[in-house]
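Here my numbering is used: position 44 in the sequence shown is 79, and no number is missing along the way. A virtual CB, placed ideally from N, CA and C, is assigned to each residue, including glycine. Quick caveat, the model's predicted, so the values are computed rather than measured. Have a look at the structure below before the remarks.
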Amino acid sequence: MKQIAVSIKNVSFGYDKNEEVIRDVTLDIPASTYVTIIGHNGSGKSTLAKLIVGLLQPASGDIAIFDEVMDEENLYELRKYLGIVFQNPDNQFVGATVADDIAFGLENRQVPNEEMDSIINDVAKKVGMENFLNKEPINLSGGQKQRAAIAGVLAMNPKIIIFDEATAMLDPRGKKEIRDIIQLMRKENPDLTLISITHDIEEAVASDFIYVMNEGKIVNQGTPKEVFASKEQLEEIKLDLPFFYKLKSALMGEGFPVSEYEDLESMVESLCK
36 MKQIAVSIKN VSFGYDKNEE VIRDVTLDIP ASTYVTIIGH NGSGKSTLAK
86 LIVGLLQPAS GDIAIFDEVM DEENLYELRK YLGIVFQNPD NQFVGATVAD
136 DIAFGLENRQ VPNEEMDSII NDVAKKVGME NFLNKEPINL SGGQKQRAAI
186 AGVLAMNPKI IIFDEATAML DPRGKKEIRD IIQLMRKENP DLTLISITHD
236 IEEAVASDFI YVMNEGKIVN QGTPKEVFAS KEQLEEIKLD LPFFYKLKSA
286 LMGEGFPVSE YEDLESMVES LCK
């Protein structure tokens with residue numbers, strides 16, 4: 036049985052005492068999995084991300100990272116397990132260049148210069164930014180900025196990475212680049228736990244498990260196949276079906292035998308035979 040990387044038990048939170056943004060949320064995220072938490076804007080999912088990394092503290096309930104309940108005394112140590120990529124990469128840059136920005140966290144940990152240079156080059160290559168290390172952030176595209184932000188997180192070697200609406204401000208090409216990087220990260224480091232907080236339903240298709248949030252609560256959970264079978268519920272909370280599931284439903288409505296297929300490529304390949 037896999038260890039639980041993030042365990043949330045009966046957590047509630049409000050920015051003021053009169054209105055809860057997170058309402059008695061309980062969920063477990065096993066280590067070495069890719070989990071998406073989806074919901075419309077205002078559903079509470081980004082607040083939940085900030086609670087997980089300790090930027091906010093629950094009004095009630097507990098959050099545990101690898102079985103250790105987070106509190107004021109161990110917060111600094113537990114944060115070493117965690118990395119987060121925010122929606123707006125401009126808010127994350129602290130260095131004059133991409134290389135300086137990646138180096139920032141390493142310098143705080145007093146990593147030797149020779150080792151630091153090796154780490155910077157390695158993580159930049161992983162996200163396709165090895166030719167941009169001397170560039171100023173202002174001269175990068177949105178997708179490049181976000182890739183640089185991911186490199187900065189990877190440099191710290193966390194066990195858990197949270198993507199908090201990391202593709203929300205990107206064009207379709209930029210979104211695809213980030214999704215591709217996530218899949219590459221899974222392949223190169225199977226022990227890594229990835230959590231994507233998003234209202235972009237397409238991001239959830241490739242995940243292992245999905246939690247659906249609405250009005251601060253978990254309203255559905257399961258594999259992509261299980262969650263996307265609840266079409267009516269998703270529509271009620273203003274979430275659409277991914278393109279693949281829309282196409283699959285339309286083809287089944289026309290009598291095509293495609294119910295067994297779980298991805299677009301295999302379904303199209305079968306239909307073309």
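For the beta strand (DSSP E) containing Pro130, name the first residue and the last one.
Working through the sequence shown from its first residue, we reach residue 130 at position 95. Reading off the sequence, residue 130 comes out as Gly, not Pro. Here Gly130 belongs to no beta strand (DSSP E), and DSSP marks it neither H nor E.
With a 10 Å radius around its C-beta and 16 neighbouring C-beta atoms as the bar for buried, classify Glu112 as buried or exposed.
For the purposes of this step, residue 112 is taken as residue 77 along the sequence shown, with counting starting at 1. Exposed, because fewer than 16 other Cβ atoms sit within 10 Å of the Cβ of Glu112.
What does Gln256 pair with, by DSSP beta-bridge criteria?
Position 221 of the sequence shown, counting from 1, holds the residue named residue 256. Partner(s): Tyr246.
Between the segment 109-127 and the segment 159-168, do three or more beta carbon pairs fall short of 8 Å?
no
Enclosing alpha helix (DSSP H) for Gly209 [first to last residue]
Translated into the one-based positions of the sequence shown, residue 209 becomes position 174. Taken as a continuous stretch (DSSP letters only), the alpha helix (DSSP H) holding Gly209 covers Pro207 to Glu223.
Look at the alpha carbon of Pro259 and the alpha carbon of Val70, and state the distance between them as a whole number of angstroms.
Taking the sequence shown and counting its residues from 1, one reaches residue 259 at position 224. Taking the sequence shown and counting its residues from 1, one reaches residue 70 at position 35. So the two alpha carbons sit approximately 10 Å from each other.
Distance between beta carbons of Gly177 and Met220, contact taken as under 8 Å
Residue 220 sits at position 185 when you count from the first residue of the sequence shown. Residue 177 sits at position 142 when you count from the first residue of the sequence shown. Going by Cβ atoms, the distance from Met220 to Gly177 rounds to 20 Å, so no, they are not a contact pair.
Any 3 or more C-beta pairs closer than 8 Å across the segment 225-242 and the segment 43-61:
no
Hey, out of Asn174, Arg208 and Gly163, whose CA is closest to Ala186's CA?
Within the sequence shown, the letter at position 151 stands for residue 186. Comparing Cα positions, the closest option is Gly163.
Val133 versus Glu271 - alpha carbon distance:
The count along the sequence shown starts at 1 and reaches residue 133 at position 98. The count along the sequence shown starts at 1 and reaches residue 271 at position 236. Each residue's alpha carbon lies about 42 Å from the other.
Out of Ser153, Ala131 and Lys308, which has the shortest C-alpha to C-alpha gap to Lys170?
What you label residue 170 is simply residue 135 of the sequence shown in a count that begins at 1. When each option's Cα is compared against that of Lys170, the closest is Ala131.
Note down the Cα distance separating Ala138 from Ala184, rounded to an integer number of angstroms.
Numbered from its first residue, the sequence shown carries residue 138 at position 103. Numbered from its first residue, the sequence shown carries residue 184 at position 149. So the alpha carbons of these two residues sit roughly 11 Å apart.
Since Ser47 and Ser95 are thought to touch, with beta carbons under 8 Å apart, how far apart are those beta carbons, to the nearest angstrom?
As a working mapping, residue 47 is identified with position 12 in the sequence shown. As a working mapping, residue 95 is identified with position 60 in the sequence shown. Indeed they touch by this definition, with Cβ atoms about 5 Å apart.
Where Leu274 and Val60 are concerned, what is the direct C-alpha to C-alpha distance, given to the nearest angstrom?
In the sequence shown, residue 274 corresponds to position 239, counting from 1. In the sequence shown, residue 60 corresponds to position 25, counting from 1. Taking the straight line from one Cα to the other gives about 20 Å.
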